[in-house]
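Position in the sequence shown (from 1) plus 454 gives the number in this note's numbering. The beta carbon of each residue, even a glycine, is placed where N, CA and C say it ideally should be. All values derive from a computational prediction rather than experimental measurement.
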Amino acid sequence: MIGIIGGGISGLTLAYYLQKAGKEYVLLEASNRYGGCIHTDKDTGRELGPNTILEDEYVQGLIQDLQIEDDTIEANPISKDRFILKNGKIQKLPTHPLKLLTSRFFSWKTKRQILGELKKPYQAIENETIKDFFVRRFGQEVYDYAVNPFISGIYAGDPATLLIKEAFPQLVAYEKEYGSVIKGFKNNQSKARKRTLSFKKGLSYLPEAIAQALTQAYLHSPVTSIEAIEGKKYKLHTTQKEFTVSQLVFAIPAKATANLLSSLDPALSEKLRHTYYPPMTIVHTVVDRSKVKNLPQGFGVLHPKIENRFAAGTIWSSSIFPKEKESFMFTSFVGGSQYVAHATLDEEEIKTRLWEELKAMHQIPEESLKEQSVYKWDRAIPQYDMALSDAVAIIPSLEKDNIYICSNWYEGISLPACIKKGKELALRFC
Ligand SMILES: Cc1cc2nc3c(=O)[nH]c(=O)nc-3n(C[C@H](O)[C@H](O)[C@H](O)COP(=O)(O)OP(=O)(O)OC[C@H]3O[C@@H](n4cnc5c(N)ncnc54)[C@H](O)[C@@H]3O)c2cc1C
């Protein structure tokens, strides 16, 4: 039997495909709900974690297997427009490489640097940070106004500490294989249009649909300790029951894994303890549509660190998924590695400072505010930095002891990456 610890999207996908293949498994989830980071507030329908999922073949396959295509909602086409705050103004980020060169977003000097990337010699640099990689290949402005906010948006991270080889291994491979990141992109671009999705009942609908299909998944079952027994098997102790498993999969955060591994692999356990998850506060701000002249249209705006703002960025939720006729909702991200001090302020101060920023940025009148709500993640997203890189180097060697990792701190944090890892690990067991 395969024991899966953790009922987030990674563990659930793994369990689902094991069950589909007729494999024996048990999935143990500590809390009273499935989904982990995916968390739609049942009362308000607001997303407290991820807001959207980008459809790739694995996401599409899972949705089809679960027969929940009719429950999905696709983002408004306008939300393909993404914006960056530059010199205090909200500016559209050109996404197509040609438009990057023809638009006024970047200076001429930077445009020349972008073109020059095609011929820049390959350099093998060990443990290069995302910042150093992009400054080296594309120059400072691309880093400041495209990469920095993008990393803040995806990883809640600081590109000066995240490693390019861990966060974007394909870019390192492009430089090596094609001598240029742009050439690598061009040669590997998928023609398929990727849809940005959610579900009519919110993103939590996905983990709930998977869990509903599972016959051997248990809530309120925190694994409290693990005992190695003869024949490279393991006894999982929960607060209620014990399970003996022959393969063990950790689908839980790095620190929780470190705690459970302390008796099985003290060296890895010690390294994993240092994994950094910065705090992040999510603020939903609802305004009266009729009182605001020009509501923004698009996915949202990211704030480069150099612009020195309070929030890391804001998603224009009601533009992505127009639901309410009378109201418009902004979902803002306050925190992440580059804004730690902001995330940990008290709720009232966060609300006030954010509202001042939103009003000024979007010319919103004071009287249009209907409501604000705050949700705090003390530990949001694992940082793919030097400490984590050091720890994950050990992971392949665990397999000889029938121990596997299937979690967002190993080989990809996005929902599609977690779904892919879950399915691929299931296939390896079959
Ligand atoms: C604020 C935020 C916004 C995000 N936005 C996006 C986005 O827009 N798009 C995107 O693609 N990704 C986004 N992500 C990333 C994505 O949501 C996560 O990487 C992914 O959901 C992680 O899934 P997981 O199953 O690996 O881990 P988790 O979701 O962390 O699940 C782990 C589970 O393990 C359980 N557990 C812990 N300890 C134990 C134990 N001892 N015994 C049993 N169970 C245990 C937990 O309760 C939890 O349910 C976002 C993440 C956050 C936090």
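query	result
Within 7 Å: the Cβ of residue 791 and any heavy atom of ligand 1?	no
Confirm, please, whether the CB-CB distance from residue 483 to residue 461 is below 8 Å.	yes
Answer with buried or exposed for residue 820, where buried requires no fewer than 16 other C-beta atoms within 10 angstroms of its C-beta.	exposed
Assess contact between the region 542 to 549 and the region 693 to 703, defined as three or more Cβ pairs (one per stretch) separated by less than 8 Å. Is contact present?	no
Note down, in chain order, each residue of its chain lying with its Cβ closer than 6 Å to the Cβ of residue 822, except the 5 sequence neighbours on either side.	741, 742, 745 and 746
According to DSSP, which residues form a beta bridge with residue 831?	734
For residue 754, which option in 542, 607, 805 and 846 has the closest C-alpha, if you only look at C-alpha atoms?	607
Let me know the beta strand (DSSP E) ranges lying completely inside the region 513 to 547, each 3 residues or longer, listed in chain order.	526 to 528, 536 to 540 and 543 to 546
Taking 8 Å as the cut-off, decide whether the C-beta atoms of residue 781 and residue 751 are in contact.	no
Who are residue 781's beta bridge partners in DSSP?	742
Is residue 724 near ligand 1, judged by its Cβ being under 7 Å from some heavy atom?	no
Using DSSP with H/G/I as helix, E/B as strand and the rest coil, what is residue 686?	coil
Which residue comes first and which comes last in the alpha helix (DSSP H) that contains residue 666?	659 to 667
Within 7 Å: the Cβ of residue 579 and any heavy atom of ligand 1?	no
Is it true that the CB of residue 490 sits closer than 8 Å to the CB of residue 463?	yes
Three Cβ pairs or more, each shorter than 8 Å: is that satisfied between the region 710 to 729 and the region 798 to 809?	no
Take the Cβ of residue 884 as the centre, count every other Cβ of all protein chains shown within 10 Å, and call the residue buried at 16 or more, exposed below.	exposed
What distance in whole Å lies between the Cβ atoms of residue 733 and residue 798, which are believed to be in contact at a cut-off of 8 Å?	6 Å
May I ask which residues mark the beginning and end of the alpha helix (DSSP H) holding residue 883?	869 to 883
Compute the minimum distance between the beta carbon of residue 483 and the heavy atoms of ligand 1, and state whether it is under 7 Å.	yes
Evaluate contact between the region 608 to 626 and the region 823 to 841, counting only Cβ atoms and requiring at least three cross-stretch pairs below 8 Å.	yes
Go ahead and pull the three-state DSSP assignment for residue 634.	coil
Between residue 958 and ligand 1, is there a pair consisting of the residue's CB and a ligand heavy atom that are separated by less than 7 Å?	Given that the chain is displayed from residue 455 to residue 884, the structure contains no residue 958 and the question cannot be resolved.
Going by the C-beta, is residue 734 closer than 7 Å to any heavy atom of ligand 1?	yes
Could you name the residues of the same chain whose beta carbon sits closer than 6 Å to that of residue 712, not counting the 5 residues immediately before and after it, in chain order?	723, 726 and 727
So, are the CB atoms of residue 520 and residue 860 less than 8 Å apart?	no
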